[in-house]
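A short worksheet on the structure shown next.
Residue numbers (the numbering used here): 2 to 394.
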């Protein structure tokens, strides 16, 4: 039951992120064909409004799931997601894309999904279940980078939105019939302010904000860089993403396994942040050169995917391990709110910077934020191996 619940809910969580990630490698170029697409700030808003809407609705949806049950709230959020996808599919200008994306994001079920996973799993298996969710996000991101250009060529932007609407309806059936029914967990209530004051959680919350801010901002610039550096149309970008993504998954697994086995989670975590910083500094340097080598751009993309996948797979698991047992739902709600805010700020800030300060400013701002994250991460506690933590518990 635990495996079925965790796998099916991780898949639904991944669908939510699919609605965001599929746009990253293609929308900035596609928007040029639509009215309003010459306004890069509006394009960035269309990419980031999804995260802003989620940020506002994440904690309320978590509260509703406590009061009315997890499944009804998740289904309601998926219905909103599907309606927003239909609006975006029918849009004939960037403004209506913004409206559809906002409604998609308003169905903010991430905290409710994670809370249901907590309800459905025993304590000794909960970390693995949360890591499955984090891994599903990394996999979805990678597949989107490869699949989005192919889908765009085959069915167009409208077709992609129709596809996500259909998948949302399929997910409703999964929630209704495949996810096991579990009794609500009754636990001592923990005030939100107590969760917000937890320094270890603050580090992770700030980290996921920076990670998704830089992720969205970077992919406002990268598609056009591939077009100009390699004379590669958007529909052929999969030729770069596919080998890079496959290699990144192979290379990200050993650090995670070693970190868990040897109790070096903090060291691997900090190293991944340093790699993310190096990628942004490298992209900044790459843009500044007159004849920048194409192989360096591809190498930087590989390094980015390795860092992103390590961080995205490990952070939800760390939150579930650090949070007080009676406040896991609240902690995950705050975590997902900061993740969503990062998505919005990355899109809005990235688009604004490109339009008013140039493409290099995106990487300068991202590097500055990553330095702050690195300073916070260096002072975090070194978590024990899971076997040790289980014994201590």
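Glycine included, C-beta positions come from ideal geometry on N, C-alpha and C. Bear in mind that the values here come from a model prediction, so they are computed numbers and not experimental data.
Distance, residue j Cα to residue i Cα
i, j, result
"residue 1", "residue 234", "As shown, the chain starts at 2 and ends at 394. That puts residue 1 outside it, with no answer to give."
"residue 297", "residue 122", "44 Å"
"residue 150", "residue 64", "38 Å"
"residue 389", "residue 322", "Reliability fails at residue 389, whose pLDDT of 48 lies under 50, so the model's placement of it is uncertain and the value that follows must be treated cautiously. Distance between the alpha carbons of residue 389 and residue 322 is about 12 Å."
"residue 282", "residue 56", "29 Å"
"residue 179", "residue 341", "27 Å"
"residue 1", "residue 94", "Look at the range of the chain in this structure, 2 to 394, and you will see that residue 1 is not part of it."
"residue 1", "residue 288", "Only positions 2 to 394 of the chain appear in this structure, which leaves residue 1 out of reach."
"residue 174", "residue 138", "21 Å"
"residue 52", "residue 107", "9 Å"
"residue 201", "residue 267", "12 Å"
"residue 198", "residue 325", "12 Å"
"residue 114", "residue 142", "19 Å"
"residue 3", "residue 130", "8 Å"
"residue 392", "residue 345", "Here residue 392 scores only 39 on pLDDT, less than 50, and its place in the model is too uncertain to base an answer on."
"residue 68", "residue 222", "43 Å"
"residue 364", "residue 215", "8 Å"
"residue 394", "residue 146", "Here the model assigns residue 394 a pLDDT of 42, short of 50, so the residue's position is not dependable, and the following value carries that caveat. Cα to Cα, the separation comes out at about 40 Å."
"residue 167", "residue 83", "7 Å"
"residue 181", "residue 172", "14 Å"
"residue 349", "residue 40", "12 Å"
"residue 336", "residue 241", "32 Å"
"residue 224", "residue 87", "25 Å"
"residue 395", "residue 59", "Limits of the chain in this structure are 2 at one end and 394 at the other, which puts residue 395 out of reach."
"residue 226", "residue 220", "10 Å"
"residue 231", "residue 45", "24 Å"
"residue 360", "residue 354", "7 Å"
"residue 293", "residue 218", "21 Å"
"residue 80", "residue 380", "42 Å"
"residue 110", "residue 43", "26 Å"
"residue 308", "residue 97", "34 Å"
"residue 352", "residue 290", "22 Å"
"residue 104", "residue 263", "44 Å"
"residue 362", "residue 183", "49 Å"
"residue 112", "residue 196", "15 Å"
"residue 24", "residue 310", "18 Å"
"residue 295", "residue 29", "21 Å"
"residue 229", "residue 148", "21 Å"
Proximity winner among the options, relative to residue i (alpha-carbon distances)
i, options, result
"residue 27", "153, 183, 348 and 15", "153"
"residue 208", "276, 2 and 316", "316"
"residue 204", "271, 165, 33 and 170", "271"
"residue 377", "73, 313, 274 and 145", "274"
"residue 116", "224, 309, 74 and 103", "74"
"residue 375", "218, 310, 210 and 314", "210"
"residue 382", "337, 269, 299 and 294", "269"
"residue 170", "253, 232, 219 and 77", "77"
"residue 89", "112, 48 and 369", "48"
"residue 101", "62, 165 and 61", "165"
"residue 120", "232, 227, 218 and 6", "6"
"residue 312", "286, 140, 144 and 195", "140"
"residue 261", "318, 285 and 72", "318"
"residue 71", "177, 22 and 92", "177"
"residue 276", "91, 85, 29 and 371", "371"
"residue 285", "112, 265 and 367", "367"
"residue 194", "29, 331 and 228", "331"
"residue 236", "300, 156, 310 and 66", "156"
"residue 253", "314, 320, 22 and 229", "314"
"residue 244", "91, 299, 229 and 228", "299"
"residue 66", "32, 118 and 358", "118"
"residue 280", "358, 339, 357 and 369", "369"
* To do: Ignoring anything shorter than 3 residues or poking outside the region 251-300, list the beta strand (DSSP E) runs there in chain order.
  => Fully enclosed beta strand (DSSP E) runs of 3 or longer: not present.
* With contact counted as at least three CB pairs below 8 Å, one residue from each stretch, are the region 247-259 and the region 159-168 in contact? -> Output reads no: the region 159-168 does not touch the region 247-259.
* **4 or more residues per run - each alpha helix (DSSP H) lying fully within the region 162-224** => Runs of the alpha helix (DSSP H) inside the region 162-224: 193-197.
* Asked: Taking only runs of the alpha helix (DSSP H) that begin and end inside the region 69-143, which ones reach a length of at least 4 residues, in chain order?
  -> Given a length threshold of 4 residues, each whole run of the alpha helix (DSSP H) inside the region 69-143 is given here in chain order: 71-91, 95-107 and 111-121.
* If we count Cβ pairs, one from each stretch, closer than 8 Å, do we get three or more for the region 27-40 versus the region 5-18? -> Three or more Cβ pairs closer than 8 Å define a contact, and the region 27-40 falls short of that threshold against the region 5-18.
* Asked: What residue ranges within the region 11-50 form continuous alpha helix (DSSP H) runs of no fewer than 4 residues, ordered along the chain?
  -> Entirely contained in the region 11-50, the alpha helix (DSSP H) runs reaching 4 residues are, in chain order, 28-31.
* Are there three or more Cβ pairs, one per stretch, closer than 8 Å when the region 233-251 is compared with the region 301-314? -> Under the three-pair Cβ rule at 8 Å, the region 233-251 counts as touching the region 301-314.
* To do: Tell me the start and end of each unbroken alpha helix (DSSP H) in the region 307-383 that is at least 4 residues and wholly inside, in chain order.
  => Uninterrupted alpha helix (DSSP H) stretches at least 4 residues long and entirely within the region 307-383 occur at 329-358 and 361-379, given in chain order.
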